[in-house]
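Structure first, then comments.
There are 2 protein chains.
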Amino acid sequence: MNRFWSKIISGISPYVPGEQPRDKKYIKLNTNENPYPPSPKVLEAIRDETSADVRLYPDPDAIALKDAIARFYQVDRSEVFVGNGSDEVLAFCFPAFFNPGDTVSFPDVTYSFFPVYSRLFGVEYETVRVAGDFSIPFDDFRSGVRGILVPNPNAPTGIAADTGEIEKLLKKLPDTLVIVDEAYVDFGACSCVPLVHKYDNLLVVQTFSKSRSLAGLRVGFAIGNKGLTEALERVKNSFNSYTIDRVAQKAAEAAIEDREYFLRTAARIMDTREYTAKELERLGFVVLPSKANFLFASHKNISAEELFIRLRQEGILVRHFKDPRIDNWLRITIGTDDDMTLLIEKLKAMMV
Amino acid sequence: MNRFWSKIISGISPYVPGEQPRDKKYIKLNTNENPYPPSPKVLEAIRDETSADVRLYPDPDAIALKDAIARFYQVDRSEVFVGNGSDEVLAFCFPAFFNPGDTVSFPDVTYSFFPVYSRLFGVEYETVRVAGDFSIPFDDFRSGVRGILVPNPNAPTGIAADTGEIEKLLKKLPDTLVIVDEAYVDFGACSCVPLVHKYDNLLVVQTFSKSRSLAGLRVGFAIGNKGLTEALERVKNSFNSYTIDRVAQKAAEAAIEDREYFLRTAARIMDTREYTAKELERLGFVVLPSKANFLFASHKNISAEELFIRLRQEGILVRHFKDPRIDNWLRITIGTDDDMTLLIEKLKAMMV
């Protein structure tokens, strides 16, 4: 650090994303990317957008993209906010809704970016302890906090809550904003989007990075009532007028319009997930019931850290978090069938 | 507003960018875009990057792009920070270097995003009054402020300061961070980049949106000593791990590598600027001496607002700010020779 650093930056521990290695080709099962390319229509849209027009600013309001999202989710354009990845959308939620010194709440085992956002924006946080089976005890969220953040399915466990549980929470705490991060919802969980017209304290955040194979182009969005999206627009317009570039806007629009491709690839990933879970269990893993494009698994005899290191040596990257409570677990992204067969083979060899 | 809005967002007036109209085709001289397309190598790079790999996250550290920038400016990679447009880079400077309640200083006539950033991050600001000729009186910046923000050339005047003046300021206030926004520096002004090795209180911010014709892809950067760029990395990694998408990284890399194209198009814009300035003066405009890709001009007899409205009716968009001191001025982006000839013709018709 040096004398120009702010106090907040001097004291913060930034989020560490899964590694993007450059040393050799790995089978990447560490950052929950989609193993399938985006719809061919997406690549076509990018090629069509590649013109002299990149000299011009993109539409700062991303109207065409918002309209496409609104059509898909049957909401109004004014209920949609878009950002440079759902991480940016989540980050914007803090200055939009929380004051420095306010308290927000989230599960103790969850997306590890939440405490980092809190520190960056000077917001206090408290955690609700997930149960022994890693399910979130929604009843434990208390009134008096300014906001609740909860991924559904939760990360990195993959466990999905029933939307009925979230609805109960929305009813019980009408003055607390509940932000549901649905990054992984398309792999078998139920979305809370249909509840946004019923509860003005609900904001749903989603991403194009997982189920729509666009991690490389950075597009995320939020759906909620107009008052909430307007607050996000105000933050965006006080931060960066043009957050999503021309190519990304067009690509995301094409992605959300190809419903058939989206459903087909998501179904394929779910099939592969179920097969992989069974195989892992046969090898002596405890595997949490996942509705995401990853599995969270712990082996009875071999430590997660050892497996992580040995898999890396074999050219397979998975994610290992050193946080207490989950340091003996691996988060394994669902790849293609071939990727997962190879993973199982390599693990089998380690079991002998 | 509603009960979930934060105090800051309830009280803020977001920045308003120049309009990006959708109703009809205009000659856009209102947002300082480059009239020329990016280098053909940029479009080629985008096409090459359009592959199944968009399913994968981009390099969060944008190493290849940083290396290309470092080579061009003869600095070390560790002295380069990149962001989603220079607006994001400038926004990140606030939590990186300024604490809530600190005071920063900038000219009273300058980039109108500065006060908005200040309010968003709870930072106080004071202004230094530009002279009657709109030059910045650098001697008026006082010690005791945490940071100074100054565009060079200044916006929206286009007036460039001598780097000697900025160096004097860096020497005089060694404990104040001076952020020089060089968005328009490539159109005839001198860059402060060579000073970053001499002064650890200097951060230079630049963009690919103007001189490199990439407004549509959102890439900006900062150059400064490692301590400063590290603070920015910490903010970025506490906000959004992947701020620049795959396509934008590749495009910007190709843009900065085509030095010859860059110099040629910048020279062309400067020629057009000089021709346009002379023509405007012949029509009775006062035109400030510009080193940017725009002119700031005021007519002796016809109000800026009237000219703005009448030009819009004629299909030409320019920028008119309603701020005191500059509300009788127009900011006119330099387009192609044809664009400017048409502008002059239309204005001439309004003078009779």
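In the order they appear, the protein sequences are chains A and B.
Here this note's numbering is used: position 311 in the first sequence is 373, and no number is missing along the way.
Here this note's numbering is used: position 302 in the second sequence is 364, and no number is missing along the way.
We put the CB at the ideal spot given by N, CA and C, even for glycine.
Nearest CA to the CA of residue i: which residue from the options?
i: Glu341(A); options: Ala245(A), His382(A), Leu404(A) and Ser148(A); result: Leu404(A)
i: Pro102(A); options: Ala359(A), Glu227(A) and Ser275(A); result: Ser275(A)
i: Thr225(A); options: Val151(A), Ala411(A) and Val240(A); result: Val240(A)
i: Ile71(B); options: Asn390(A), Phe160(A), Ser75(A) and Arg65(A); result: Phe160(A)
i: Gly282(B); options: Ile221(B), Leu152(B) and Pro215(B); result: Leu152(B)
i: Arg393(A); options: Met413(A), Pro97(A), Val178(A) and Ala354(A); result: Ala354(A)
i: Leu182(A); options: Glu336(B), Leu290(B), Phe301(B) and Ala310(B); result: Phe301(B)
i: Asn299(A); options: Ala107(B), Gly278(B) and Val178(B); result: Val178(B)
i: Phe66(B); options: Gly163(A), Tyr88(A), Gly209(A) and Arg117(A); result: Gly209(A)
i: Asn96(A); options: Arg204(A), Ala277(A) and Pro213(A); result: Ala277(A)
i: Ala314(B); options: Val266(B), Ser148(B), Pro83(B) and Cys155(B); result: Ser148(B)
i: Pro386(A); options: Phe347(A), Ser174(A) and Gly145(A); result: Ser174(A)
i: Asp85(A); options: Met402(A), Gly377(A) and Lys410(A); result: Gly377(A)
i: Lys69(B); options: Arg335(A), Ser352(A), Ser68(A) and Arg296(A); result: Arg296(A)
i: Tyr98(B); options: Phe358(A), His382(A), Val349(A) and Val116(A); result: Val116(A)
i: Thr219(A); options: Ser75(A), His382(A), Asp201(A) and Val414(A); result: His382(A)
i: Tyr187(A); options: Val348(A), Ser167(A), Glu244(A) and Tyr135(A); result: Ser167(A)
i: Phe134(B); options: Glu319(B), Leu345(B) and Met412(B); result: Glu319(B)
i: Lys408(B); options: Ile371(B), Asp164(B) and Phe203(B); result: Ile371(B)
i: Thr93(B); options: Pro100(B), Gln82(B) and Gly250(B); result: Gln82(B)
i: Ala251(A); options: Val266(A), Asn214(A) and Ile285(A); result: Asn214(A)
i: Leu290(B); options: Thr269(B), His259(B) and Ala316(B); result: His259(B)
Could you please give the first and the last residue of the uninterrupted alpha helix (DSSP H) stretch that includes residue i?
i: Thr338(A); result: Arg321 to Arg344
i: Ile71(B); result: Lys69 to Gly73
i: Gly443(B); result: This structure does not reach residue 443(B), given that chain B is present from 63 up to 414, and the question cannot be answered.
i: Arg181(A); result: Phe176 to Leu182
i: Pro99(A); result: Premise fails: Pro99(A) is in no alpha helix (DSSP H) and is neither H nor E.
i: Lys408(A); result: Asp399 to Met413
i: Asp129(A); result: Ile125 to Tyr135
Tell me, please, which residues DSSP counts as bridged to residue i.
i: Leu265(B); result: Ile241(B) and Gly286(B)
i: Ile394(B); result: Leu357(B)
i: Ile166(B); result: Residue 166(B) is actually Val in this sequence, not Ile. Answer is Tyr187(B) and Gly209(B), bridged to Val166(B).
i: Gly220(B); result: DSSP lists no partner for Gly220(B).
i: Gly145(A); result: Gly282(A)
i: Leu373(B); result: Leu373(B) is not bridged to any residue.
i: Arg381(A); result: Arg393(A)
i: Lys90(B); result: Leu379(B)
Just to make sure I have the definition right: I need the residues of chain B whose C-beta is within less than 8 Å of the C-beta of residue i. Which are they?
i: Gly289(A); result: Met63, Asn64, Phe66 and Trp67
i: Thr112(A); result: Leu105, Ile108, Arg109 and Thr112
i: Leu276(A); result: Val116 and Arg117
i: Ala153(A); result: Phe301 and Asn302
i: Asp320(A); result: None at all; the shortest Cβ gap to chain B is about 14 Å.
Going by DSSP, what residue range makes up the beta strand (DSSP E) through residue i?
i: Tyr187(A); result: Glu186 to Val190
i: Val258(B); result: Neither: Val258(B) is in no beta strand (DSSP E) and is coded neither H nor E.
i: Phe347(A); result: Phe347 to Val349
Could you list which residues in chain A have their beta carbon closer than 7 Å to that of residue i, in chain order?
i: Gly346(B); result: Those do not exist, as Gly346(B) stays about 31 Å from chain A at its closest Cβ, beyond 7 Å.
i: Glu95(B); result: Arg117, Leu118 and Tyr119
i: Ile74(B); result: Arg296 and Ser300
i: Phe196(B); result: Here the premise fails: no neighbours, minimum Cβ distance about 24 Å.
i: Ile71(B); result: Pro157, Ala158, Ala293, Arg296 and Val297
i: Ala416(B); result: Residue numbering for chain B in the displayed model covers 63 to 414; residue 416(B) lies beyond these limits and cannot be assessed.
Would residue i be called buried (16 or more neighbouring beta carbons within 10 Å of its own) or exposed?
i: Gln375(A); result: exposed
i: Pro120(B); result: buried
i: Lys272(A); result: buried
i: Leu369(A); result: buried
i: Ser303(A); result: buried
i: Leu325(A); result: exposed
i: Ala217(A); result: buried
i: Ala329(A); result: exposed
i: Met402(B); result: buried
i: Val309(A); result: buried
i: Pro236(B); result: exposed
i: Asp248(B); result: buried
Please compile the residues from chain D whose C-beta is within a distance smaller than 7 Å of the C-beta of residue i.
i: Asn92(B); result: Annotation note: the requested chain D is absent from the structure, which comprises protein chains A and B.
What residues of chain B sit near residue i, judged by a beta carbon separation below 9 Å?
i: Phe168(A); result: Going along chain B, no residue has its Cβ under 9 Å from Phe168(A), so there is no contact; the nearest lies around 16 Å.
i: Asp224(A); result: The contacting residues do not exist; Asp224(A) stays about 25 Å from chain B at best.
If the cut is a Cβ gap below 8 Å, which residues of chain A does residue i touch?
i: Asn263(B); result: Phe66
i: Lys149(B); result: According to the sequence provided, residue 149(B) is Asp. The question's Lys does not apply to it. Within chain A, the residues near Asp149(B) are Phe301, Asn302, Ser303 and Tyr304.
So which residues of chain B does residue i contact, with C-beta pairs closer than 7 Å?
i: Tyr77(A); result: Asn299, Ser300 and Ser303
i: Asn146(A); result: Asn146, Asn302 and Thr305
In chain A, which residues lie less than 9 Å from residue i when you measure between Cβ atoms?
i: Val240(B); result: Residues of chain A passing the Cβ test: none, with the nearest at roughly 10 Å.
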